[in-house]
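Accompanying notes for the structure given below.
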Amino acid sequence: MTRISDPNIPRISLVQRLRAIDYRALFWPPPEEDADPCIEAEFGLQRVPGPYWLCVLVCGGFALFAQLVEFSLRGATLEDFLMMGRLPQRLAVPLVFVYLLVALPMLKAFSVQALEQLRPVVRISEVEYRAFMRRMICVDLRLDLLLMLVSTFTVVLLLAILRLPTPMGGGITYLPLTWWQAGTILLSYSLLGWLLLLLLYSSIRLGKGLGELARKPLTINVFDPTPLLPFGHLALRHSLTLVGLILVLIVPLGRPTEMIDYLVIAALSLGSLLSLILPLRGVHFQIRQAKTSVLRHVSDQFYRIQSDLVGDQRLDKTELEGLSKSAGDLDQLRRFILITPTWPFRNVYATTRAMLTAMSPLLYFLITELIRVYFLPFLTG
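Using our numbering, the first residue of the sequence shown is number 313, and each one after it goes up by one.
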């Protein structure tokens with residue numbers, strides 16, 4: 313069949329068609345119409361234009377250079393800095409830099425995903441739920457700048473005004489008089505303090521918001537905890553972020569040597585455990601209430617079976633078998649309800665693993681101490 317073109321319709325050339333394509337939308341698609349700009353906004357060093365991975369590499373390299381400058385204040389050389397015996401300690405601050413820069417965006421992205429999954433479970437209005445998400449996730453630019461100013465003021469006060477020793481100088485090095493060396497060290501620790509304050513603020517805000525959300529009316533299914541699992545996953549990811557920071561500090565710096573170090577490790581481990589448990593108390597309470605209600609109904613069914621058995625003395629064999637089967641089914645159902653978890657995890661074993669994971673810094677320290685005190689002397693005779 314021959315196609316007849318309409319002479320009144322102008323023909324569009326291939327070049328015109330290519331020019332009409334919005335190539336920017338292909339690589340940078342516009343946000344959805346219902347997307348919240350506050351939730352989608354970036355924070356911290358994500359606001360810096362350019363690829364974020366490049367920003368992470370630059371900050372990590374700058375932190376490493378700052379440590380080299382601080383170490384050179386002792387009169388040491390680059391070869392001394394790269395000695396394998398002390399190299400992990402020299403890399404502690406750069407590792408914390410990189411860890412914080414990677415962990416903060418990941419925590420926010422995971423929080424947004426988990427909160428979107430929890431939306432059908434929480435029985436509140438859409439407006440109230442979005443307000444919760446904004447309070448838990450959004451970081452205003454003014455707050456970013458305020459935390460940066462607080463960190464800079466604290467570092468300058470401690471190192472430049474009060475003339476305290478530099479943190480990684482072993483207590484014998486102080487801020488130098490050379491402007492570029494002093495500026496490098498001050499900027500490095502100011503950025504590190506800013507990232508730590510961002511993590512602290514994000515952790516407090518996320519834990520507080522999750523705890524408030526967990527106390528809202530929830531749709532509870534005592535037979536299947538799957539819809540509530542994002543509560544547990546989010547609290548566990550929140551706790552794991554703190555655990556990772558503790559381990560990044562403990563492993564390179566080595567075994568504690570003073571009592572204050574032991575107390576700090578114990579306090580931080582307790583803090584990571586509380587950051588897992590405290591936000592989930594509301595979910596735990598509502599699950600227990602739902603289980604109690606279901607068990608009460610099962611008990612009423614048992615009472616009906618008892619009433620039928622006692623009230624009618626002329627039950628035949630078929631009726632007795634029916635009552636026996638009903639009682640057996642109810643007993644199996646009750647056993648299943650009793651073993652279901654009261655925390656938003658898959659089962660009791662998953663709950664135990666989550667709590668042990670939150671206490672992993674303290675467990676790591678205890679295991680290494682037991683090996684050092686008891687196992688190594690046994691091997692060496």
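Note that the Cβ used here is the ideal one computed from N, Cα and C, for glycine as well.
Everything numeric in this text was worked out from a predicted model, so none of it was measured.
So what does residue i bridge to, in DSSP terms?
i: L522; result: Its beta-bridge partners do not exist; DSSP assigns none.
i: V434; result: L530
Quick check on residue i: buried or exposed, where buried means 16 or more other Cβ atoms within 10 Å of its Cβ?
i: V660; result: exposed
i: F677; result: buried
i: L675; result: exposed
i: P529; result: exposed
i: D456; result: buried
i: W506; result: buried
i: F648; result: exposed
i: P689; result: exposed
i: F687; result: exposed
i: R431; result: exposed
i: G372; result: buried
i: V685; result: exposed
i: T692; result: exposed
i: Y615; result: exposed
i: R402; result: buried
i: W491; result: exposed
i: S515; result: buried
i: L650; result: exposed
i: G521; result: buried
i: W365; result: exposed
i: P656; result: buried
i: L726; result: Any question about residue 726 goes unanswered here, given that the chain covers just 313 to 693.
i: L487; result: buried
i: L453; result: exposed
Roughly how many angstroms lie between the CA atoms of residue i and residue j, to the nearest whole one?
i: V360; j: F535; result: 48 Å
i: H545; j: G640; result: 36 Å
i: A472; j: L419; result: 34 Å
i: F444; j: R435; result: 13 Å
i: V381; j: G356; result: 25 Å
i: F374; j: V467; result: 17 Å
i: L645; j: K603; result: 12 Å
i: Q425; j: G519; result: 16 Å
i: L476; j: Y501; result: 13 Å
i: R608; j: L621; result: 20 Å
i: E681; j: P673; result: 12 Å
i: S551; j: S584; result: 5 Å
i: R665; j: A415; result: 22 Å
i: A561; j: L554; result: Note that residue 561 corresponds to Leu in the displayed sequence, not to Ala. Each residue's alpha carbon lies about 11 Å from the other.
i: L590; j: L511; result: 18 Å
i: S611; j: T538; result: 26 Å
i: I683; j: L586; result: 28 Å
i: I558; j: L582; result: 12 Å
i: L619; j: D628; result: In the sequence as displayed, the identity of residue 619 is Ser instead of Leu. Each residue's Cα considered, the two are about 16 Å apart.
i: L498; j: T464; result: 8 Å
i: L489; j: P564; result: 29 Å
i: T669; j: L548; result: 9 Å
i: N533; j: R658; result: 13 Å
i: E633; j: I617; result: 12 Å
i: R442; j: A662; result: 30 Å
i: M480; j: M460; result: 21 Å
i: C450; j: H596; result: 27 Å
i: T484; j: R386; result: The sequence given here has Ile at residue 484, not Thr. The straight-line gap from Cα to Cα measures roughly 8 Å.
i: T652; j: I599; result: 10 Å
i: L575; j: M671; result: 14 Å
i: R447; j: P417; result: 16 Å
i: V606; j: L642; result: 11 Å
i: L469; j: V462; result: 10 Å
i: R517; j: L592; result: 14 Å
i: V439; j: I679; result: 49 Å
i: P363; j: Y411; result: 17 Å
Along the chain, where does the alpha helix (DSSP H) containing residue i start, and where does it finish?
i: W365; result: 364–384
i: D628; result: From DSSP, D628 is part of no alpha helix (DSSP H); its letter is neither H nor E.
i: M667; result: 660–670
i: V555; result: 541–565
i: V462; result: 453–467
i: F690; result: 688–692
Just to check, is the beta-carbon of residue i closer than 7 Å to a non-hydrogen atom of the ligand NAD?
i: Q613; result: Among the ligands in the structure shown, none appear at all, so the ligand NAD cannot be discussed.
Say whether chain C places a C-beta atom closer than 8 Å to the C-beta of residue i.
i: S502; result: The question asks about chain C, but that chain is absent: this structure has only one protein chain.
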